[in-house]
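S.K.: Protein sequences, first through last, are from chains A and B. Residue numbering for the first sequence follows the numbering used here, beginning at 2 and increasing consecutively. Residue numbering for the second sequence follows the numbering used here, beginning at 228 and increasing consecutively.
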Amino acid sequence: MTVFSSNSSGQSVPAGRRLSEADYQANFADIHTPLDARSAVVEADRCYYCYGAPCQTACPTGIDVPSFIRMIGQKNEVGAAGVILSENIMGGTCARACPVETLCEDACVRNTEDDRPIQIGLLQRFATDRASELGAKFFTREPETGHRVAIVGAGPAGLSCAHRLATLGHEVVVYEAQEKSGGLNEYGLAAYKMAGDYAQKEVEDILSIGGIIIKHGVKVGEDVSFAELQTNYDAVFMGVGLGTSKAMQLDGEQASGVINAVDYIHQLRQAEDLGKLSVGQNIVVIGGGMTAIDIAIQIKRLGAANVTMAYRRGKEHMNASLEEQEFALNEGVHIAHWAQPVSLHTEQGTITGVEFKKANIEGGETYIMPTDMLFKAIGQSLTPINMATIEFVKSYGKYEVDDELRTSLPGVWAGGDCVAGSDDLAVSAVQDGKLAALSIHNTLTQSQA
Amino acid sequence: MIDLTSNFIGIQTPNPFWLASAPPTDKAYNVNRAFEAGWGGVMWKTLGEAGLPLVNVSGPRYGAWHGKDRTLMGLNNIELITDRDLEINLSEIIQVKKDWPDRGVVVSLMVPCEEQAWIDILRRVEDTGADGIELNFGCPHGMSERGMGAAVGQVPEYVEMVAAWCKQYSDLPTIVKLTPNITDIRTAARGAVNGGADAVSLINTINSVMGVDLDQMKMSPSVGQQGSHGGYCGPAVKPIALHMLSEIARDAECKGIPISGIGGITDWRDAAEFMALGATNVQVCTAVMTYGFRIVEDMIDGLSRYLTEQGMTSVDQLIGAATPSVTTWNQLDLNYVVKAQIDQDSCIKCGRCHIACEDTSHQAISTEINGERGFQVKDEDCVGCNLCVVVCPVENCITLRELDTGEVDTRTREMVSADYQNWTQHPNNTMV
Chain A
2 MTVFSSNSSG QSVPAGRRLS EADYQANFAD IHTPLDARSA VVEADRCYYC
52 YGAPCQTACP TGIDVPSFIR MIGQKNEVGA AGVILSENIM GGTCARACPV
102 ETLCEDACVR NTEDDRPIQI GLLQRFATDR ASELGAKFFT REPETGHRVA
152 IVGAGPAGLS CAHRLATLGH EVVVYEAQEK SGGLNEYGLA AYKMAGDYAQ
202 KEVEDILSIG GIIIKHGVKV GEDVSFAELQ TNYDAVFMGV GLGTSKAMQL
252 DGEQASGVIN AVDYIHQLRQ AEDLGKLSVG QNIVVIGGGM TAIDIAIQIK
302 RLGAANVTMA YRRGKEHMNA SLEEQEFALN EGVHIAHWAQ PVSLHTEQGT
352 ITGVEFKKAN IEGGETYIMP TDMLFKAIGQ SLTPINMATI EFVKSYGKYE
402 VDDELRTSLP GVWAGGDCVA GSDDLAVSAV QDGKLAALSI HNTLTQSQA
Chain B
228 MIDLTSNFIG IQTPNPFWLA SAPPTDKAYN VNRAFEAGWG GVMWKTLGEA
278 GLPLVNVSGP RYGAWHGKDR TLMGLNNIEL ITDRDLEINL SEIIQVKKDW
328 PDRGVVVSLM VPCEEQAWID ILRRVEDTGA DGIELNFGCP HGMSERGMGA
378 AVGQVPEYVE MVAAWCKQYS DLPTIVKLTP NITDIRTAAR GAVNGGADAV
428 SLINTINSVM GVDLDQMKMS PSVGQQGSHG GYCGPAVKPI ALHMLSEIAR
478 DAECKGIPIS GIGGITDWRD AAEFMALGAT NVQVCTAVMT YGFRIVEDMI
528 DGLSRYLTEQ GMTSVDQLIG AATPSVTTWN QLDLNYVVKA QIDQDSCIKC
578 GRCHIACEDT SHQAISTEIN GERGFQVKDE DCVGCNLCVV VCPVENCITL
628 RELDTGEVDT RTREMVSADY QNWTQHPNNT MV
């Protein structure tokens, strides 16, 4: 049996695997240590309970942050969770995956004072986890209205919309192409942000309201037509994700070893055995957003020897926050700035290297980075749904909606990543779903009256 | 380092930091450790009559009020006076005084209000070589139910009577320890003065129930199924102690009787405040029960540096230095006008000053500056109450600015006068 010696735990590594079982577990365990009861109270006590709090304004779902933190300080975690979930039914995921350093925690007045914001994300997680452990229930359904709403996509936008509609007494059927619910929470977020199958646990909590049916493995436009949804339901909410990875438009993109980052992460998140994932030695990641960071760190943690993120502009232009970049660097990921890929080098249909141009120098020279695994993380676009003759007004390939998330088609709402102007954050998708549900509810109940 | 030598009614100690009569001074072992750490003197834990020792509860004796970070803000106790044999206590006092001739050892006493009982105990204490006695007329729990402690301290005539016995039957300097569980502490202090006491010490602990255990639905802490009130002390009681101290220090009938200050003293700054309001020395208990005896090092160092900075050469110069600044409301200058002002550079825009003023006071703080979130005082509504200053989480961000003479107070539209005018001189006062 071949045994590798290079693994951090010092345990023997079986043949064909990069790391020992202990290393896989450690590398993909929860990235943030949750607060314990005492540190939560102490941290909550640091909160100034601001009036018109900037953190609340900064939260896309408008969670009353000072109130929930004050409740934690009074050891009323369940009440705190109620405050969170009433605005953001995916408060648990957002507590784990939100880029808090650019949202609530960035707005915290403590930054001005001592550069140490309240750990809002960790406090939110403490409250929502505790409430979930205790099986606390916060919502009861209004009397049934008899209205039926179809939702396309069981991701953050779709489930948020479904939950709010169900609470208001409507009956909801969600069409989900994948085998599991959760969308990017289940298939896209970095594994160490969603440790312990959290996405499914949260979905379970959301569905416990009742009145929501999810049809898995059903693709709208293929298995069921959009027209059918329009006919059979009183309203339709489009909460689909961005299914198509953008191409680099370079020759050789079809070569073996050139992989869409989101596809690999999807595979990783569903892997029963991380040791069975294929991992190259010299990894190049093209892109500068969160997905690029996530794939770079995860492939490194899977045992890749060298990982380089290549981004065509400077560090301040990257979509990934400075904190995320710092995290990647600390993980041993190399970040190359001003690196514009100009061609792919392949041998016998397999990637061997990427040629870059120095994008910040006019007529700059090119250089080659050897690679056996190239990840594309340059964004995704909306996969067109076969709508037959029906077409939405779109801009930049996404659905155009008004401030109530209404599309140009009567009776059809849309929210989340699929709408124009979205910021691709789960928390914003949740807000879209919530607002759309309220708009749908108003429309349905007003037309009745 | 400045010499902190303290002289309290003739008892000379290397510093004015004493340990109050309490569990930390119950036996030689603790007292020796305290002196090794540097404490100037101890009030030996209260001795009672000869005979079978008292019995304390074997359940919880202490309860506490904590800040969110577990800072101990207040402590209460239901411990009685010493439950050790009188003879053991006396022999230990003799030895300790021999071993530590430069430190103060005063013995706290509590026996029934009978002349003979006091004569008996006084003789025993005189034989120990102790520097003085402190009459425990303050203990508010347990002993008071037996007609001693606070039950005596609440009746000025009893205070006077027992103090007089002590002066009559012994030559020991006599300190009367006062209870705060009384409407006007000056009446008890005057009793001590009239009885011939050499000094008073205050405050003893305050009647208190620390809380209720809402799961078990019973007061907390409790001894089995029930609890009883205890004596409250620690940082939380300091303002109450300072008030009572200043009342006695300013009372003509108390005739400048020396005062030993007690009540939540935790560091040198607390001690200096007590002394500035008239205490000759201070006694500490809760702070050492929280952190151990070693805190006296910081107290010695801090007080010494402070006195040096102030250009003082002895602790005596500090005693009572701030007493004249305390007066009655009727004497306050009604022509003194201040307005709050917010330093925009240090403001973190939490909005607490605004909501406190808006909801509960004078609607004098606005929420926008040039269309952006920002907080500013409206002078025309500000009464200078200081609420915004105390709720602001940033120290010195909001301050009070004194209006100059001749400046117009935009709230009252009156010019600020240079003349002092108090309520007794005010035209609106029809009681004059």
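Each residue gets a CB set at the ideal place from its N, CA and C atoms; glycine is no exception.
Tell me which same chain residues have a C-beta within less than 6 Å of the C-beta of residue 434 of chain B, skipping the five on either side of it?
M.R.: Residue mapping note: residue 434 of chain B aligns to position 207 of the second sequence, counting from 1. 367, 408 and 456.
S.K.: Three-state secondary structure (DSSP) at residue 247 of chain A?
M.R.: In the first sequence, the residue the question calls residue 247 of chain A occupies position 246. Reduced to three states, the DSSP call for residue 247 of chain A is coil.
S.K.: For the beta strand (DSSP E) that contains residue 342 of chain B, what are its first and last residues?
M.R.: Here residue 342 of chain B refers to the residue found at position 115 when the second sequence is read from its first residue. Premise fails: residue 342 of chain B lies in the alpha helix (DSSP H), 342-353, not in any beta strand (DSSP E).
S.K.: Compute the distance between the beta-carbons of residue 164 of chain A and residue 214 of chain A, then report whether it is under 9 Å.
M.R.: What you label residue 164 of chain A is simply residue 163 of the first sequence in a count that begins at 1. What you label residue 214 of chain A is simply residue 213 of the first sequence in a count that begins at 1. Not closer than 9 Å, so no.
S.K.: Quick one: what's got a C-beta closer than 6 Å to residue 148 of chain A's C-beta in the same chain, skipping five residues either side?
M.R.: Numbered from 1 along the first sequence, position 147 holds the residue referred to as residue 148 of chain A. Cβ within range, chain order: 171, 235 and 445.
S.K.: Where residue 611 of chain B and residue 567 of chain B are concerned, what is the direct C-alpha to C-alpha distance, given to the nearest angstrom?
M.R.: As a working note, residue 611 of chain B is residue 384 in the second sequence. As a working note, residue 567 of chain B is residue 340 in the second sequence. If I take the Cα positions, the gap works out to 6 Å.
S.K.: What is the DSSP secondary structure of residue 417 of chain A, counted as helix, strand or coil?
M.R.: Your numbering for residue 417 of chain A matches position 416 in the first sequence. Helix at residue 417 of chain A.
S.K.: Assuming the contact rule is C-beta atoms closer than 8 Å, residue 630 of chain B and residue 643 of chain B should be a hit. Round their C-beta distance to whole Å, please.
M.R.: Here residue 630 of chain B corresponds to residue number 403 of the second sequence, with the count starting at 1. Here residue 643 of chain B corresponds to residue number 416 of the second sequence, with the count starting at 1. Indeed, because the Cβ distance is near 5 Å, the residues count as touching under 8 Å.
S.K.: What does a CB cutoff of less than 7 Å around residue 392 of chain B pick up in its chain, not counting 5 residues either side in sequence?
M.R.: Position 165 of the second sequence, counted from the start, is the residue given in the question as residue 392 of chain B. Contacts found: 342 and 345.
S.K.: Distance, Cα to Cα, residue 402 of chain B vs residue 542 of chain B?
M.R.: As a position in the second sequence, residue 402 of chain B is number 175, starting the count at 1. As a position in the second sequence, residue 542 of chain B is number 315, starting the count at 1. Going from the Cα of residue 402 of chain B to the Cα of residue 542 of chain B covers about 20 Å.
S.K.: Residue ranges of each beta strand (DSSP E) run of no fewer than 3 residues wholly in the stretch 442-491 of chain B, ordered along the chain?
M.R.: Those beta strand (DSSP E) runs which fall completely within the stretch 442-491 of chain B and span 3+ residues are 445-447, 457-460 and 486-489.
S.K.: In whole angstroms, what separates the C-alpha of residue 447 of chain A from that of residue 412 of chain A?
M.R.: Within the first sequence, residue 447 of chain A is the residue found at index 446, counting from 1. Within the first sequence, residue 412 of chain A is the residue found at index 411, counting from 1. So the alpha carbons of these two residues sit roughly 13 Å apart.
S.K.: Could you check what DSSP says for residue 586 of chain B in three-state terms: helix, strand or coil?
M.R.: To locate residue 586 of chain B, count along the second sequence from 1; it is residue 359. Reduced to three states, the DSSP call for residue 586 of chain B is helix.
S.K.: Looking only at its own chain, which residues have a Cβ that is under 8 Å from the Cβ of residue 389 of chain A, when we skip the five neighbours before and after it?
M.R.: Residue 389 of chain A sits at position 388 when you count from the first residue of the first sequence. At residue 389 of chain A, the pLDDT of 47 sits below 50, so the modelled position is not reliable and the matter cannot be decided from this model.
S.K.: With 16 other CB atoms within 10 Å as the buried threshold, where does residue 374 of chain B fall?
M.R.: Mapped onto the second sequence, residue 374 of chain B falls at position 147. That one is exposed.
S.K.: Within 10 angstroms of its Cβ, does residue 230 of chain A collect 16 or more other Cβ (buried), or is it exposed?
M.R.: Position 229 of the first sequence, counting from 1, holds the residue named residue 230 of chain A. Its Cβ being crowded by 16 or more others within 10 Å, residue 230 of chain A is buried.
S.K.: To which residues of the same chain is residue 255 of chain B closer than 7 Å at the C-beta, ignoring the five residues directly before and after it?
M.R.: Position 28 of the second sequence, counting from 1, holds the residue named residue 255 of chain B. Closer than 7 Å at Cβ, skipping near neighbours: 319, 322 and 323.
S.K.: Closer than 8 Å by beta-carbon distance: list the chain A residues that pair up with residue 621 of chain B, in chain order.
M.R.: Position 394 of the second sequence, counting from 1, holds the residue named residue 621 of chain B. In chain order: 114.
S.K.: Smallest Cα separation from residue 488 of chain A: which of A:83, A:54, A:177 and A:443?
M.R.: Residue 488 of chain A falls outside the range modelled here, since chain A spans only 2 to 450, and no answer is possible.
S.K.: When Cβ atoms are compared, which residues of the stretch 34-55 of chain A fall closer than 8 Å to chain B?
M.R.: Residues passing the 8 Å Cβ filter: 42, 43, 45, 46, 49, 50, 51, 52, 53, 54 and 55.
S.K.: Have a look at B:444, B:248 and B:609 and flag the residue whose alpha-carbon is nearest the alpha-carbon of residue 640 of chain B.
M.R.: Translated into the one-based positions of the second sequence, residue 640 of chain B becomes position 413. Comparing Cα positions, the closest option is B:609.
S.K.: What number of angstroms, rounded off, separates the C-alpha of residue 398 of chain A from the C-alpha of residue 291 of chain A?
M.R.: On the first sequence, residue 398 of chain A is found 397 positions in, with the first residue counted as 1. On the first sequence, residue 291 of chain A is found 290 positions in, with the first residue counted as 1. Between residue 398 of chain A and residue 291 of chain A, the C-alpha separation is close to 21 Å.
S.K.: Can you tell me whether DSSP reads residue 504 of chain B as helix, strand or coil?
M.R.: Taking the first residue of the second sequence as position 1, residue 504 of chain B is located at position 277. It is coil, neither helix nor strand.
S.K.: Using a C-beta cutoff of 9 Å, does residue 117 of chain A count as contacting chain B?
M.R.: Start at 1 with the first residue of the first sequence, and residue 117 of chain A comes out as number 116. No, its Cβ sits nowhere closer than 9 Å to a Cβ of chain B.
S.K.: Taking the beta carbon of residue 359 of chain B as the centre, do at least 16 other beta carbons fall within 10 Å, making it buried, or is it exposed?
M.R.: As a position in the second sequence, residue 359 of chain B is number 132, starting the count at 1. Burial call: buried.
S.K.: Please state the DSSP three-state secondary structure of residue 58 of chain A.
M.R.: Reading the first sequence from its first residue, position 57 is the one you call residue 58 of chain A. The answer is helix: DSSP assigns residue 58 of chain A an H, G or I state.
S.K.: Work out the CA separation of residue 538 of chain B and residue 229 of chain B for me, nearest whole Å.
M.R.: As a position in the second sequence, residue 229 of chain B is number 2, starting the count at 1. As a position in the second sequence, residue 538 of chain B is number 311, starting the count at 1. Taking the straight line joining both Cα atoms gives about 10 Å.
S.K.: In chain A, which residues lie less than 7 Å from residue 582 of chain B when you measure between Cβ atoms?
M.R.: Stepping through the second sequence from its first residue, residue 582 of chain B is reached at position 355. Simply 52.
S.K.: Our contact map puts residue 293 of chain B next to residue 299 of chain B with C-beta atoms below 8 Å; I'd like the distance itself, whole angstroms only.
M.R.: To locate residue 293 of chain B, count along the second sequence from 1; it is residue 66. To locate residue 299 of chain B, count along the second sequence from 1; it is residue 72. Going by Cβ atoms, the distance from residue 293 of chain B to residue 299 of chain B rounds to 6 Å, so yes, they are a contact pair.
S.K.: Let me know the alpha helix (DSSP H) ranges lying completely inside the stretch 568-642 of chain B, each 4 residues or longer, listed in chain order.
M.R.: Qualifying alpha helix (DSSP H) stretches, in chain order: 579-587 and 614-618.
S.K.: Name the one or two DSSP bridge partners that residue 342 of chain A has.
M.R.: Taking the first sequence and counting its residues from 1, the one referred to as residue 342 of chain A is at position 341. Residue 342 of chain A is bridged to A:357.
S.K.: By the three-class DSSP mapping on this structure, what secondary structure does residue 151 of chain A have?
M.R.: Mapped onto the first sequence, residue 151 of chain A falls at position 150. Note: residue 151 of chain A maps to strand in three-state DSSP.
S.K.: Is the Cβ-Cβ distance between residue 117 of chain A and residue 126 of chain A less than 9 Å?
M.R.: Start at 1 with the first residue of the first sequence, and residue 117 of chain A comes out as number 116. Start at 1 with the first residue of the first sequence, and residue 126 of chain A comes out as number 125. No; because the gap between Cβ atoms is not below 9 Å, this pair is not in contact.
S.K.: Measuring CB to CB, does residue 96 of chain A end up less than 9 Å from residue 430 of chain A?
M.R.: Locating residue 96 of chain A in the first sequence gives position 95, counting from the first residue. Locating residue 430 of chain A in the first sequence gives position 429, counting from the first residue. Taking 9 Å as the Cβ cut-off, residue 96 of chain A and residue 430 of chain A do not qualify as a contacting pair.
S.K.: So what's residue 665 of chain B in DSSP terms, helix, strand or just coil?
M.R.: The structure shown does not extend to residue 665 of chain B, since chain B spans only 228 to 659, so no value can be given for it.
S.K.: Note down, in chain order, each residue of its chain lying with its Cβ closer than 7 Å to the Cβ of residue 477 of chain B, except the 5 sequence neighbours on either side.
M.R.: Working through the second sequence from its first residue, we reach residue 477 of chain B at position 250. These residues qualify, in order along the chain: 550 and 553.
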